[in-house]
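Position 74, counted from 1, in the sequence shown is what our numbering calls 88; the numbers after and before it change by one each time, with no gaps.
Cβ atoms here follow ideal geometry from the backbone N, Cα and C, with glycine treated the same way.
All remarks here apply to the structure that follows.
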Amino acid sequence: MSEPTVVPDAVEPPGFAGPQDLAAALEATGYLPDEGLATAAYLALVMHRPLFLEGEAGVGKTALAQALAQVTGRPVYRLQCYEGLEASQALYDWDFGRQLLHLRAAEAAHATQDTASLEASLYDRRFLLARPLLQALEDSPSVLLVDEVDRADDEFEAFLLEVLSDFTISIPELGTVRAQTPPLVVLTSNRTREVHDALKRRCLYHWLQHPEFDREVAILRRRLPQVTEQLAREVARATAKLRTLDLLKPPGIAESMDWATALHTLGARDLDPDLAARTLGAVLKYREDTERVQAMARGALFGG
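Okay, structure coming up:
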């Protein structure tokens with residue numbers, strides 16, 4: 015095995031004085047965290063511990079990782095999890111096409127006599143395809159977003175735990191890659207299944223809820239300044255009512271922003287019940303949910 019690959023030192027971005035300082039920086043990007051979330055993110059940053067975020071879809075888990083990358087000046091690498099995800103798809107793979115071209119070029123140049131050297135040249139770093147986990151360790155410091163880890167299999171979860179234990183990856187043909195500065199790791203879960211306790215114990219944990227009314231209005235106003243104050247408040251109020259109806263997919267903040275944008279595009283300055291009913295496709299994503307809401311009294315749901 016060759017000598018370990020050493021990741022060059024990187025300059026650590028300026029730190030934050032505390033959770034309130036980090037919250038102010040996040041707010042400047044348009045992400046408005048509550049006090050508990052800002053504290054959890056700050057501790058993950060200074061303690062070099064992964065941050066495990068659970069909550070329903072659309073509450074801002076993925077957006078937090080992207081906002082943290084922005085305020086820390088770090089690149090963000092996103093690993094989208096799914097059933098059947100394998101380590102090679104998250105870690106690295108070899109570019110077999112380029113290796114084959116290299117082999118053919120060597121044959122054309124009659125440079126295939128030294129088979130040991132030729133074999134070694136096939137596993138040169140330039141033929142390595144780095145996936146998100148390896149990219150996050152090499153490009154240090156960085157933000158690693160492991161999105162929807164609850165969709166991955168148990169085997170991948172165990173592999174991920176091993177990587178997060180020391181932020182080191184061994185490549186048999188090249189050596190060892192170790193992050194000089196551990197990446198800020200954000201894992202998200204929609205809780206479609208329970209993630210094993212071993213992985214949770216490695217992380218700082220925070221449960222994200224749908225924002226309270228005033229915070230949701232503030233988010234809508236910050237992210238959609240073209241929307242009137244009246245429309246933002248009525249959309250936030252109506253979205254909160256929809257979340258109480260035991261829908262298949264309760265709307266998150268992303269859906270409330272889409273709804274407000276759709277209404278504004280149609281010229282609305284407040285939430286007209288008829289217009290709200292015609293734009294439900296922006297906030298509800300299942301036919302059963304749409305039919306259930308349309309069957310209810312519009313005034314009770316969409317009244318100001």
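Exposure of F110 is indicated by the presence of fewer than 16 other C-beta atoms within 10 angstroms of its C-beta. For secondary structure counted as the alpha helix (DSSP H) over 4 or more consecutive residues, the segment 147-209 holds these complete runs in sequence order: 168-180. In the DSSP secondary-structure assignment, R92 is bridged to L159.
Between V73 and I267, the beta carbon gap of about 7 Å places them in contact (Cβ cut-off 8 Å). Counting along the chain, the unbroken alpha helix (DSSP H) around E41 starts and ends at P33 to A42.
Scanning its chain for C-beta atoms nearer than 7 Å, with the 5 sequence neighbours on each side dropped, one finds around R165 the residues C95, Y96, E97 and T206, in chain order.
Counting of Cβ neighbours within 10 angstroms places M61 among the exposed residues, the total staying below 16.
Comparing C-alpha distances from G32 to each of Y56, E187 and D138 shows the shortest one belongs to Y56. The Cβ atoms of S203 and V163 lie closer than 7 Å to each other. C-alpha of P225 to C-alpha of L142: approximately 43 Å in a straight line.
Taking the Cβ atoms as the reference, A58 lies roughly 17 Å from L175, outside the contact range of under 8 Å. Shown here, L67 sits in a strand according to DSSP, grouped into three states. In terms of Cβ geometry, W273 and A250 do not form a close pair [threshold 7 Å]. Under DSSP, A144 forms a beta bridge with Y106.
Residue state for L259 is assigned as coil, using DSSP reduced to three classes. In summary, L298 is buried, with 16 or more beta-carbon neighbours lying within 10 Å of its beta-carbon over all protein chains present. Here Y45 is buried, its C-beta having at least 16 other C-beta atoms within 10 Å.
Taking a 10 Å sphere around the C-beta of S184, we find fewer than 16 other C-beta atoms and assign the residue as exposed. Just measuring C-alpha positions, the residue of G281, E169 and L115 sitting nearest E100 is E169. Closest in alpha carbon position to G189, among L93, P287, L148 and L256, is L148. The beta carbon of P265 lies closer than 6 Å to those of T253, L256 and V297 in the same chain, with the five residues before and after it left out.
If you draw a 10 Å sphere on the C-beta of Y106, you find 16 or more other C-beta atoms in it, and that means buried. Inter-residue distance for L82 and F181 is about 19 Å (C-alpha atoms, whole angstroms). CA-to-CA, the gap between A71 and L285 works out to about 24 Å.
Secondary structure at Y56: helix, using DSSP grouped into helix, strand and coil. Just measuring C-alpha positions, the residue of G29, Q103 and M271 sitting nearest A144 is Q103. As computed with DSSP, Y219 is found in a beta bridge with F66. Secondary structure at L117: helix, using DSSP grouped into helix, strand and coil.
Leaving aside the five residues that flank K214 on each side, the residues in its chain whose CB is nearer than 8 Å to its CB run, in chain order, F66. C-alpha of L40 to C-alpha of E302: approximately 37 Å in a straight line.
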